[in-house]
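Have a look at the structure below, then the notes.
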Amino acid sequence: MEGSGCPRAGRNELTGNMLAGGRLVQPLVYMQRLELVRNVCREDTLRNLSHTAVSKFVLDRIFVCDKHEILFCQTPKVGNTQWKKVLIVLNGAFPSIEEIPESVVHDHEKNGLPRLSSFSDAEIQKRLKTYFKFFIVRDPFERLISAFKDKFVHNPRFEPWYRHEIAPGIIRKYRRNRTETRGIQFEDFVRYLGDPNHRWLDLQFGDHIIHWVTYVELCAPCEIKYSVIGHHETLEDDAPYILKEAGIDHLVSYPTIPPGITAYNRTKVEHYFLGISKRDIRRLYARFEGDFKLFGYQKPDFLLN
Numbered sequence: 012m013e014g015s016g017c018p019r020a021g022r023n024e025l026t027g028n029m030l031a032g033g034r035l036v037q038p039l040v041y042m043q044r045l046e047l048v049r050n051v052c053r054e055d056t057l058r059n060l061s062h063t064a065v066s067k068f069v070l071d072r073i074f075v076c077d078k079h080e081i082l083f084c085q086t087p088k089v090g091n092t093q094w095k096k097v098l099i100v101l102n103g104a105f106p107s108i109e110e111i112p113e114s115v116v117h118d119h120e121k122n123g124l125p126r127l128s129s130f131s132d133a134e135i136q137k138r139l140k141t142y143f144k145f146f147i148v149r150d151p152f153e154r155l156i157s158a159f160k161d162k163f164v165h166n167p168r169f170e171p172w173y174r175h176e177i178a179p180g181i182i183r184k185y186r187r188n189r190t191e192t193r194g195i196q197f198e199d200f201v202r203y204l205g206d207p208n209h210r211w212l213d214l215q216f217g218d219h220i221i222h223w224v225t226y227v228e229l230c231a232p233c234e235i236k237y238s239v240i241g242h243h244e245t246l247e248d249d250a251p252y253i254l255k256e257a258g259i260d261h262l263v264s265y266p267t268i269p270p271g272i273t274a275y276n277r278t279k280v281e282h283y284f285l286g287i288s289k290r291d292i293r294r295l296y297a298r299f300e301g302d303f304k305l306f307g308y309q310k311p312d313f314l315l316n
């Protein structure tokens, strides 16, 4: 099961500064992120929002590269497609990122990316203890906007069930104005996500909920000791750092990031939440508060007060 592969050189040897795209990066920032997670995980008042079981649902989210001893937890709507391409190349399914057809990236029969859930308990524990483990986060509300646009507005991958099955389910339960006949609105989506009893709908929607459930539910950051947590907002620096720490920077590069795409856009967030009641926004924040606190995102007071 243990692939051959190069030793993971340089994983913990980074003590000084390193240049990424001509900018100085302090590895200190990555240590501080992990320290923040450890501290928030210890807060009893947040326990329900920061802890989760390492269930099959979580193990299904974690992709394995045995050859280079890497585990990657998928957090959709945070540039995950590109990281999956990196791992597909490392696993040897394709020689370069450019040669991977888009249709293959998310096809788990063809992309050569095993999930951690496919191993025995002993093999899972061994990998969790010894492999390099990482995932990426972004501002939680901006991620929800991205999920809403991607699945219910544009739907570029043509996944009709979001519009034809999931949207009507949300509208039926959460639309205030019954005479309103438009398709799903962001307000309906917010009300569904902020409902403390959202789980009965989630069960009906199955794994499609991965695009909007919390990072806690996806990756169990209080239960699994991750090596690096990347931030979408600083991905230009974080991607090269992750590749270097994982000892694979000489084998593969993260695809070029279009300028401005990772920056937090407060105007967009304000636009989407315009007209949504403070009560609904507060309930939404209450559900995602663990994500905000664990990963150091500012509480969006401009929406809540």
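Residue numbers (our numbering): 12 to 316.
For each residue, glycine too, the CB sits at the ideal point set by N, CA and C.
Residue span of the beta strand (DSSP E) that contains residue i, given as start and end
i           : result
residue 239 : 239-242
residue 74  : 73-76
Spatial neighbours of residue i in its chain, beta-carbon cut-off 7 Å, leaving aside the 5 residues before and after
i           : result
residue 235 : 65, 139 and 144
residue 299 : 151 and 225
residue 177 : 216 and 219
residue 284 : 292 and 314
residue 135 : 70 and 127
residue 89  : 147, 148, 149, 154 and 243
Straight-line gap, residue i to residue j (C-alpha atoms, nearest Å)
i           : j           : result
residue 245 : residue 273 : 7 Å
residue 57  : residue 303 : 11 Å
residue 119 : residue 125 : 8 Å
residue 163 : residue 258 : 38 Å
residue 202 : residue 185 : 6 Å
residue 227 : residue 198 : 23 Å
residue 243 : residue 148 : 6 Å
residue 310 : residue 196 : 24 Å
residue 315 : residue 155 : 16 Å
residue 193 : residue 94  : 36 Å
residue 182 : residue 101 : 42 Å
residue 77  : residue 233 : 24 Å
residue 294 : residue 207 : 8 Å
residue 287 : residue 271 : 27 Å
residue 110 : residue 190 : 49 Å
residue 275 : residue 237 : 24 Å
residue 55  : residue 112 : 46 Å
residue 268 : residue 248 : 11 Å
residue 205 : residue 159 : 14 Å
residue 325 : residue 282 : There is no way to answer for residue 325, as the model of the chain reaches only from 12 to 316.
residue 33  : residue 252 : Bear in mind that the predicted position of residue 33 carries a pLDDT of just 46, short of 50, making it unreliable; the figure below should be weighed with that in mind. So the alpha carbons of these two residues sit roughly 13 Å apart.
residue 63  : residue 52  : 11 Å
Sequence-distant residues of the same chain with beta carbon closer than 6 Å to residue i, five excluded per side
i           : result
residue 230 : 84 and 146
residue 47  : 307
residue 41  : 239
residue 260 : 254
residue 44  : 240
residue 115 : 121 and 122
residue 221 : 87
residue 250 : 265
residue 132 : none
residue 72  : 84, 85 and 229
Endpoints, alpha helix (DSSP H) assigned at residue i
i           : result
residue 116 : 113-116
residue 52  : 39-52
residue 61  : 58-61
residue 305 : 289-305
residue 178 : 178-185
residue 315 : 312-315
residue 212 : 210-216
residue 199 : 197-205
residue 100 : 91-101
residue 226 : 226-230
residue 120 : First-last for residue 120: undefined, no H or E at that position.
residue 279 : 277-284
Residues that residue i bridges to, as DSSP identifies them
i           : result
residue 143 : 81
residue 126 : 74
residue 148 : 242
Per-residue burial, residue i [other beta carbons within 10 Å of its own, 16 or more giving buried]
i           : result
residue 165 : exposed
residue 86  : buried
residue 297 : exposed
residue 50  : exposed
residue 98  : buried
residue 289 : exposed
residue 278 : exposed
residue 91  : buried
residue 60  : buried
residue 74  : buried
residue 169 : exposed
residue 141 : exposed
Contact set for residue i: own chain, Cβ-Cβ below 8 Å, skip 5 residues either direction
i           : result
residue 67  : 128
residue 180 : 212, 215 and 216
residue 280 : 150, 152, 153, 156, 311 and 314
Any non-hydrogen atom of the ligand HEM closer than 8 Å to residue i Cβ
i           : result
residue 159 : Inclusion of the ligand HEM in the displayed structure is not the case, the ligand content being empty and no account of it being possible.
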